[in-house]
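In this note's numbering, the protein residues as written are 139 to 237.
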């Protein structure tokens, strides 16, 4: 009943500077016009503790296969990138799950 999402660190595309933590993708929330916003969450002093997130990146998660298919899986009518992060997140909430 959970969607697990990794913390994503950043490697700068020009300098190759490695940025750990908030510079990467940790947790997302949404605006009412369905835009994504990064939020700060406490993942512990070493950055490995789980934290809840309102929304997940659509293609970067792990889940029990049966539960994901119970949610409806990916929508076959979504042919372009974007939107699945909200759709799957909202379905998870409505079915009693968490991210």
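Where a beta carbon is used, it is the ideal one built from N, C-alpha and C, also for glycine.
Assumed close pair residue i, residue j - CB separation to whole angstroms, cut-off 8 Å
{"i": "residue 149", "j": "residue 156", "result": "6 Å"}
{"i": "residue 192", "j": "residue 166", "result": "7 Å"}
{"i": "residue 209", "j": "residue 230", "result": "6 Å"}
Per-residue burial, residue i [other beta carbons within 10 Å of its own, 16 or more giving buried]
{"i": "residue 236", "result": "exposed"}
{"i": "residue 183", "result": "exposed"}
{"i": "residue 207", "result": "exposed"}
Proximity of residue i and residue j at Cβ, strictly below 8 Å
{"i": "residue 224", "j": "residue 154", "result": "no"}
{"i": "residue 141", "j": "residue 216", "result": "no"}
{"i": "residue 196", "j": "residue 177", "result": "no"}
{"i": "residue 139", "j": "residue 211", "result": "no"}
One or two residues paired with residue i in a DSSP bridge
{"i": "residue 157", "result": "148"}
{"i": "residue 177", "result": "165"}
{"i": "residue 142", "result": "200"}
{"i": "residue 236", "result": "140"}
Touch check for the stretch 205 to 223 and the stretch 176 to 190: three-plus C-beta pairs under 8 Å?
No: the two stretches stay apart, fewer than three of their Cβ pairs being nearer than 8 Å.
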